[in-house]
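Here the structure comes first, spelled out in structure tokens, and everything after it is commentary.
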Amino acid sequence: MSGRTVALSDLLGRVVRDATGRKIGRIEELNAEISLEHGASDYVVTHFSVGRSRWFDIVATGNFVQPLVRRVTRATGYHRYEIPWDWMDLADPARPRVLRREEELPRGS
Amino acid sequence: MGALQLVHDVIDSQLVDRHQEKIGRVDELLLELEAGKPPRVATIVIGGGARARRVGRWMHACHRAVHALFGQRVEHESRVPFDAVRCIADTIELDVEGDALDSMHVEHWLATHVIGRIPGASGERK
Amino acid sequence: MKKWGELALGVVTSIGGFLEVGSIATSAQGGAEFGYQLAWVLLLGTLSLAILMEMTGRLAAVSKRTYADLLRERFGYRFFVLPLVAVFVVSLLVLTSEVGGVSIALQMATGVDFRWWAIPTVLVGWFLLWRGNFSVVEQGTAMLGLVAISFAVGALVLHPTWPTLGRALLPSLPAHDRARYWYLAISMLGASISPYLYLFYSAGAIEDDWTIEHLGVNRITAGLGNVFGGGLAIAALVTAALVLAPRGIKVDRYEQIALVLATPLGRAGFVLFIMTLFITCFGSTLEIVLAIAYLLAQGFGWSWSENLKPGKDARFSTSYTVLILLAALPIVAGMDPLSLTNISMVVTAASLPVTVIPLFVLMNDGDILNTHVNGWASNLALVVIALFSLALLVAALPLQLLGGG
Amino acid sequence: MVQPAASHTTHARLALVALLVGSACGSPPPLDKQLGTLASWTATMQLAKERHGAGAITGTYATQLRDRADEAFQQASTTIGGSARTRADSGYAAAALDSLRGAIRQLEAEIGS
């Protein structure tokens, strides 16, 4: 079990840039699942949610007046990116970088 | 235990030990990065230092200063492997003995040196 | 049957728990200087508090977690520090004012200077917390707190002019001393809507093992209790408006306030006033010190319950022990309790946004409340409260400086 | 990253506080306010005397009220000179102080009896 250790709070809120160096938002959530490769009870991060407004996302993730949220997201073109773990370069946790261009990134709801 | 959102479901959640006693909150989560492998959720940290660090550098400095003031050189912090998680719901149950955790140092110290010295402190319920 | 008992208890708790040193002092000041005119502030404060309490009670009954729990879990520790520090500081100030209120009541009764009473007061209070359980604190102080009804009796005996009072329930602008008017308005709001009230209430719902079945009890307790509590605060304002205002007496010191009941009700009124001040302030002392200890314990995940023996939750019981002793110090040092009360109430008003605005987010979170999330009417009310809490934050400091003297 | 903006607002806030504190604490309380306080205490003394006569309040409590009025009197007599600008103002101040002193004496006589 070698490797580097990074604190979750050191990743949260970090500005993420895409392959071309463009800012695409901040890390707001880490999604984990039970790993199928390792031992049974190991949780591993599957993807990172990257958004632009933490407060908006706190509100939006909680089933908050869903129709209103949907209308606002549509009107403002707001979206989060759901970035698979292997697209994220965390060599420097303070400067996370996505290995693809912004246009290629999958968008969350 | 299916998919987990580490921020929404795990960090800052109430922790209870195997006897359902409250033993603190998830003050920090440590991830293990290894080339070519997905980040592994490795450790739950319980402790004031980790908590202070999250607020900012100045808070961490304050925390250390307060510790130094009380002449405490070691940080009473617990690091529990994530394997010990038994159940994640409103609270997170850890398969540990709460009394054995280092982060419970202040609780025990107060219980024996302050609260325990005052008559009427022991027993189950009032 | 048990439910109705709980209901009656809840309502009584609210009456006993709501009128305390802040309300008595600021309502008397408001009535003395502006007659009935500031009555609308009490109506507004009471309505707001009823809404906030109903919501925090519902939150606790449905989620089995307290408001403080959810503030940390949903917003993260980084944000939580803000309400934690704000509520801690504000509540400690209010706590000190309550200890001052008890001490002044004892001074009025005995003639012994209030400074001597602070330590005995907190020692007795601490003993009750140490030995008693949650029901002792909640029910004991509530039942005794019913003496506060003497304010209503006093107001009725003085024959208020009802139409004028009715008109004063709608906001109006003052003809003189604008800064002072708004300063008193903010103090009265701070006295009505203290964060400790809803933090205590939501922790109390957990202490009393509330479930979804208690939502009706919760609604009625928050509603009716506040109607009574607010009504008594208005009664205090009315007595001051009819006793002090016509004679040109302003309330500069606590000692002057006893005259508002000694005038319509004679010796009985004098005694009832002292009892009311003593009991309500003492009850609030216990509630506030518990509220702060709850906040710390829940925020940091310690074991907590007023129903456990202190050895079972050492950090929690150490917190209330230290805090209640700490609250005696400014009084022993001779700080004027009325100035302390006024400052506490204004600071309380200024601290409201950090606890009101997050509540809006939580009350709409379906993961926490399922089908019991806010409807549009509750949301509208909460938005209005949040907006005016922001206005209070902005206005508090300038008004303290311009109208505080 | 946000450091410069934050320190700007901090400075602005500090300046605002300094301004307000300065404007609030600079001068002694204005004369009309002090006269109002004296009149308020005079009325308090009269009401206390009347209530004591009716047996509504105890002598202990009336004495405390007298002491508070005395403190207000002492405070006003040291500061009110600085607030009175004209001869007429000084006259008002002296009259107000006199009537409070008189009211305190009357209450003392009532308690003593």
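Residue numbers (my numbering), protein chains in the order written: chain A, 78 to 186; chain B, 2 to 127; chain C, 2 to 406; chain D, 1106 to 1218. Ideal Cβ placement from N, Cα and C applies to all residues, glycine included.
Residue i burial status per 10 Å Cβ neighbour count (16 or more: buried)
i              : result
residue 38/C   : buried
residue 119/B  : exposed
residue 1130/D : Because the pLDDT at residue 1130/D is just 45, under 50, the model does not fix this residue reliably, and the point stays unresolved.
residue 388/C  : exposed
residue 1212/D : buried
residue 377/C  : exposed
residue 103/B  : exposed
residue 1179/D : exposed
residue 219/C  : buried
residue 211/C  : buried
residue 338/C  : buried
residue 305/C  : buried
residue 1128/D : Per-residue confidence for residue 1128/D stands at a pLDDT of 47, beneath the threshold of 50, marking its modelled position as unreliable; the derived number appears in the next sentence. When all chains shown are included, residue 1128/D counts as exposed.
residue 2/C    : Note that residue 2/C scores 47 on pLDDT, short of 50, meaning its location in the model is unreliable and no value can be drawn from it.
residue 121/B  : exposed
residue 84/C   : buried
residue 1126/D : Residue placement at residue 1126/D cannot be trusted, given a pLDDT of 47 that sits under 50; what the coordinates show is reported in the next sentence. Exposed, because fewer than 16 other Cβ atoms sit within 10 Å of the Cβ of residue 1126/D.
residue 69/C   : buried
residue 1/C    : Since the first residue shown for chain C is 2 and the last is 406, residue 1/C is missing from the structure and cannot be characterised.
residue 217/C  : exposed
Test item: CB-CB of residue i and residue j under 8 Å
i              : j              : result
residue 292/C  : residue 201/C  : yes
residue 1216/D : residue 1167/D : yes
residue 100/C  : residue 277/C  : no
residue 308/C  : residue 127/B  : yes
residue 344/C  : residue 92/C   : no
residue 331/C  : residue 122/C  : no
residue 400/C  : residue 187/C  : yes
residue 53/B   : residue 60/B   : yes
residue 1198/D : residue 1136/D : yes
residue 241/C  : residue 32/C   : yes
residue 352/C  : residue 273/C  : no
residue 34/B   : residue 45/B   : no
residue 1145/D : residue 36/C   : no
Contact list for residue i against chain A, beta-carbon separation under 9 Å
i            : result
residue 47/B : Simply none; closest approach about 13 Å.
Neighbouring residues, chain B, relative to residue i (Cβ below 7 Å)
i             : result
residue 119/A : 41
residue 74/C  : 13 and 14
Closest Cα partner of residue i within the set the options
i             : options                       : result
residue 125/A : 80/A, 91/A, 178/A and 180/A   : 91/A
residue 95/A  : 184/A, 185/A, 166/A and 107/A : 166/A
residue 100/A : 111/A, 127/A and 83/A         : 127/A
residue 168/A : 6/B, 7/B, 3/B and 36/B        : 36/B
residue 355/C : 392/C, 333/C, 324/C and 117/C : 392/C
residue 224/C : 56/C, 398/C, 400/C and 61/C   : 56/C
residue 350/C : 124/C, 317/C and 397/C        : 397/C
residue 321/C : 365/C, 115/C, 294/C and 253/C : 294/C
residue 299/C : 120/C, 208/C and 139/C        : 208/C
residue 154/A : 184/A, 104/A and 107/A        : 184/A
residue 243/C : 190/C, 162/C, 185/C and 383/C : 162/C
residue 48/C  : 301/C, 79/C, 382/C and 203/C  : 382/C
residue 379/C : 169/C, 120/C, 325/C and 53/C  : 53/C
residue 102/C : 341/C, 375/C and 222/C        : 341/C
Beta-carbon neighbours of residue i, restricted to chain B and to distances below 9 Å
i             : result
residue 310/C : 121, 122, 123, 124, 125, 126 and 127
residue 133/C : 127
residue 181/C : By Cβ distance, chain B contributes nothing, its closest Cβ being about 39 Å from residue 181/C, past 9 Å.
Contact set between residue i and chain C, taken where Cβ atoms lie within less than 9 Å
i              : result
residue 1177/D : 253 and 254
residue 1160/D : 267 and 268
residue 111/B  : 315, 316, 318 and 319
residue 89/B   : Correct list: empty, because the minimum Cβ distance to chain C is about 13 Å.
Within chain C, the residues that residue i reaches when beta carbons sit closer than 8 Å
i              : result
residue 56/B   : 78, 79 and 82
residue 25/B   : 301, 302 and 303
residue 1145/D : 249, 250, 251 and 253
Per-residue contacts from residue i into chain A (C-beta, under 8 Å)
i            : result
residue 29/B : 84, 85 and 86
Partner residues on chain B for residue i, Cβ-Cβ distance less than 8 Å
i             : result
residue 110/A : 3, 4 and 5
residue 164/A : Here the premise fails: no neighbours, minimum Cβ distance about 11 Å.
Under 9 Å from the C-beta of residue i: neighbouring residues of chain D
i             : result
residue 111/C : 1165
Proximal chain D residues relative to residue i, where beta-carbon distance stays under 8 Å
i             : result
residue 264/C : 1152, 1156 and 1161
Taking contact to mean 3 or more Cβ pairs, one atom from each stretch, closer than 8 Å, check whether the region 192-200 of chain C and the region 102-115 of chain B are in contact. Short answer: they don't touch.
Contact between the region 100-117 of chain C and the region 162-181 of chain C is defined here as three or more beta-carbon pairs at a separation below 8 Å; is this criterion met? Judged by Cβ distances under 8 Å, the region 100-117 of chain C makes no contact with the region 162-181 of chain C, as fewer than three pairs qualify.
Does the pairing of the region 67-74 of chain C with the region 226-235 of chain C give three or more beta-carbon distances under 8 Å? Taking a cut-off of 8 Å for Cβ pairs, the region 67-74 of chain C and the region 226-235 of chain C do not touch, as fewer than three such pairs fall below it.
Any chance the region 78-95 of chain B sits against the region 3-22 of chain B, with 3 or more Cβ pairs inside 8 Å? Cβ pair count under 8 Å is three or more, so yes.
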